[in-house]
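First the structure, in the form of structure tokens, and then the observations on it.
Number of protein chains: 2
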Amino acid sequence: MNVHAKPRYQQLKELIIEQISNGDLRPRDRVPSENELVGSTGVSRMTANRAMRELTDEGYVERVAGVGTFVADLKAASHVLEVRNIADEIAHRGHTHTAVVLSRAAERADAEVANALRVEEGEKVFHLVIVHKENGAPIQHENRYVLAAFAPDCLEQDFTRITPSAHLSAISPLQEAEQIVQAVMPDRPVRKNLQMNEGEPCLLVRRLTWAQGRPVSFARLYHPGERFELAGRYAPPGMRRSRRDSITKVESE
Amino acid sequence: MNVHAKPRYQQLKELIIEQISNGDLRPRDRVPSENELVGSTGVSRMTANRAMRELTDEGYVERVAGVGTFVADLKAASHVLEVRNIADEIAHRGHTHTAVVLSRAAERADAEVANALRVEEGEKVFHLVIVHKENGAPIQHENRYVLAAFAPDCLEQDFTRITPSAHLSAISPLQEAEQIVQAVMPDRPVRKNLQMNEGEPCLLVRRLTWAQGRPVSFARLYHPGERFELAGRYAPPGMRRSRRDSITKVESE
DNA sequence: TGCACTAGCCTGTATATACAACCTGTCCGC
DNA sequence: GCGGACAGGTTGTATATACAGGCTAGTGCA
Numbered sequence: 170m171n172v173h174a175k176p177r178y179q180q181l182k183e184l185i186i187e188q189i190s191n192g193d194l195r196p197r198d199r200v201p202s203e204n205e206l207v208g209s210t211g212v213s214r215m216t217a218n219r220a221m222r223e224l225t226d227e228g229y230v231e232r233v234a235g236v237g238t239f240v241a242d243l244k245a246a247s248h249v250l251e252v253r254n255i256a257d258e259i260a261h262r263g264h265t266h267t268a269v270v271l272s273r274a275a276e277r278a279d280a281e282v283a284n285a286l287r288v289e290e291g292e293k294v295f296h297l298v299i300v301h302k303e304n305g306a307p308i309q310h311e312n313r314y315v316l317a318a319f320a321p322d323c324l325e326q327d328f329t330r331i332t333p334s335a336h337l338s339a340i341s342p343l344q345e346a347e348q349i350v351q352a353v354m355p356d357r358p359v360r361k362n363l364q365m366n367e368g369e370p371c372l373l374v375r376r377l378t379w380a381q382g383r384p385v386s387f388a389r390l391y392h393p394g395e396r397f398e399l400a401g402r403y404a405p406p407g408m409r410r411s412r413r414d415s416i417t418k419v420e421s422e
Numbered sequence: 170m171n172v173h174a175k176p177r178y179q180q181l182k183e184l185i186i187e188q189i190s191n192g193d194l195r196p197r198d199r200v201p202s203e204n205e206l207v208g209s210t211g212v213s214r215m216t217a218n219r220a221m222r223e224l225t226d227e228g229y230v231e232r233v234a235g236v237g238t239f240v241a242d243l244k245a246a247s248h249v250l251e252v253r254n255i256a257d258e259i260a261h262r263g264h265t266h267t268a269v270v271l272s273r274a275a276e277r278a279d280a281e282v283a284n285a286l287r288v289e290e291g292e293k294v295f296h297l298v299i300v301h302k303e304n305g306a307p308i309q310h311e312n313r314y315v316l317a318a319f320a321p322d323c324l325e326q327d328f329t330r331i332t333p334s335a336h337l338s339a340i341s342p343l344q345e346a347e348q349i350v351q352a353v354m355p356d357r358p359v360r361k362n363l364q365m366n367e368g369e370p371c372l373l374v375r376r377l378t379w380a381q382g383r384p385v386s387f388a389r390l391y392h393p394g395e396r397f398e399l400a401g402r403y404a405p406p407g408m409r410r411s412r413r414d415s416i417t418k419v420e421s422e
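Chains as they are written, first to last, in the numbering used here: chain V, 170 to 422; chain X, 170 to 422.
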């Protein structure tokens, strides 16, 4: 084997992907079994197994023990948006991130917050309002509630230097998140804090974050419609494209 | 080995994940080498290799040949939104999808479309305007341009039965997509077609789709702000959560 | 005819072995 | 003192082998 050649399992994967792409193999078609691939390509069964296993993980094929391997149905159009930490995004563009803490307080959860965080009404929470700026232009109005029990020293943090999200991660790795994106009209305080024109819409991201098996933080993130874009790049499972290609972009000025 | 036990490589993965979760292993810490794992757990090196390789794919650890394996840095907050085919989404909710084709025409690409599709100005494209409805309520205004060379029989399709996206997939599997989400105010025709109130914002998804190595379609998808939400659920790489958990949801009425 | 069993293929996992490529620290010669 | 060669550990890949367990079709018996 040529030293500079791609690994065999990778070559085999690309061979199958090529046949799927150009129509030689269509959805539901049977893919040669591992032993057939051993016979036709000369690799060992373990190598064929690895290739097919990775194609399974990547969504190209489906396998049934005892039956065979089949080309997966097209997942028609499933596109992905990646939403990154605001400070990281800004840094990634080489811009400077600053933040202004408008308010920080310990509160009792009202009905809406309690419902979002899955706790009893009246549970102690910290309430933060922060405006994030990119090169001085306001880009995100963060209205966040943090479960006090999870982050007891939350109010002592310097949120001009560390985002609440980063502080939460530092306490315990974030397990998962749910978020909802909507277009809304900002209320007056949000509009003024983001220095938006009247009649301009906001992109609103509502995000619920889990850690240690329970929701620990709920945030409403408002972004000015004219200056903010969520961008995502999607490649089908296994195109071996770096995850880092997904970016979130801001149009500033 | 007990017949009913989980595979050994899986047990080993969970062991490492547990140590990362509870803080025994912290980001940048060194993870035992494959040979050390062989010694401490009794599995073969190939089994340890598979476990660590999958942990790498799933983002828990990073490996450097010749050096070792290290716990990956927390990707602070990287959240994902999955955007699915509109007809699938509606069907998934058990609602009925209908579509109205407002216009279909062969055109020459103007500067903006040509730029988006990376072709020369004047290239032949098909232009479709379709309103998608969920249980009768307009939910998406689709303004799409399709490269004529890629889908020559595009204008003959019955787009009340098959979405343009599905038709494109049928020609050739879609390779990748770029999309940008923004909050905007609709122009008059869009507002009327979506039966929106004046002053109500739109969620605008601009999507560029690749197939066979080149962009083949560019679409602007407008959604009424008050009735539409993009929802995403995110779990860190390797939580073994089904991809299907990610949903896009519409609040209807 | 109908049913149970089995042969044979398939995937899934586990192991031992081997070699290549990569990285780092050390030792030796200049 | 400096630099290069080298040893030893690490990951990455490839193979042969083995056995378990799932599924199907066909055989053969009642």
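We treat Cβ as the ideally placed atom computed from N, Cα and C, and that holds for glycine. The structure presented is a predicted model; accordingly, all values stated were derived computationally and were not measured.
Check	Outcome
Shorter than 8 Å from the beta carbon of V353/X to some beta carbon of chain V?	yes
Quickly, what does DSSP pair C371/V with across the bridge? List them, please.	V353/V and P393/V
With 16 other CB atoms within 10 Å as the buried threshold, where does V209/X fall?	Reading off the sequence shown, one finds Ser at residue 209/X, where the question assumed Val. Under this definition S209/X is an exposed residue.
Mind checking whether the beta-carbon of L224/X lies closer than 7 Å to any heavy atom of the ligand MG?	Looking for the ligand MG in the displayed structure turns up nothing, as the structure carries no ligands at all.
Give a yes or no on whether 8 Å exceeds the smallest Cβ distance from C323/X to chain V.	no
If you measure between the beta carbons of N254/X and A335/X, is that distance less than 8 Å?	yes
In this structure, how does DSSP classify L297/X when only helix, strand and coil are distinguished?	strand
Comparing the C-beta of P384/V with each C-beta of chain X, is any distance below 8 Å?	no
Distance check for F319/V and E187/X, CA to CA, integer angstroms please.	20 Å
So with Cβ pairs under 8 Å, would you call G368/V a contact of chain X?	yes
Would V292/X and D279/X qualify as a contact pair, given that the criterion is a beta-carbon distance under 8 Å?	Note that residue 292/X corresponds to Glu in the displayed sequence, not to Val. No, the Cβ-Cβ distance between E292/X and D279/X is not below 8 Å.
In terms of residues, what are the limits of the beta strand (DSSP E) holding R277/X?	H266 to R277
Considering just the uninterrupted stretch of the alpha helix (DSSP H) at N312/X, what are its terminal residues?	From DSSP, N312/X is part of no alpha helix (DSSP H) but of the beta strand (DSSP E) over A306 to L316.
By how many angstroms is the C-alpha of Q348/V removed from the C-alpha of D198/V?	37 Å
Consult DSSP for T216/X and reduce its assignment to one of helix, strand or coil.	helix
Under 8 Å, Cβ to Cβ, is there at least one residue of chain V near E203/X?	no
State yes or no: is the beta carbon of E292/V nearer than 8 Å to at least one beta carbon in chain X?	no
Using a Cβ-Cβ cut-off of 8 Å, state whether G208/X counts as contacting chain V.	no
What residue from F397/X, N304/X, R383/X and L363/X has the CA that sits closest to V350/X's CA?	F397/X
Using the Cα positions of A283/V and Q326/X, report the straight-line distance between them to the nearest angstrom.	50 Å
Does the beta-carbon distance from P423/V to M354/X come in below 8 Å?	The structure shown does not extend to residue 423/V, since chain V is modelled only from 170 to 422, so the question has no answer here.
Kindly list the residues whose CB is nearer than 6 Å to the CB of P393/V, restricted to its own chain and excluding five residues on each side of it in sequence; keep chain order.	L363 and M365
With respect to the alpha helix (DSSP H) encompassing T332/X, which residues constitute its N-terminal and C-terminal limits?	T332/X -> no alpha helix (DSSP H), and no H or E assigned at all.
Just the Cα atoms here: how many angstroms apart are R232/X and N204/V?	31 Å
Measuring alpha carbon to alpha carbon, tell me which residue in R287/V, K302/V, H301/V and H296/V is nearest P321/V.	H296/V
So that I know if they touch, is there some Cβ in chain V lying closer than 8 Å to that of V350/X?	yes
Pairing CB atoms from the segment 226-242 of chain V with CB atoms from the segment 261-273 of chain V, are three or more of them under 8 Å?	no
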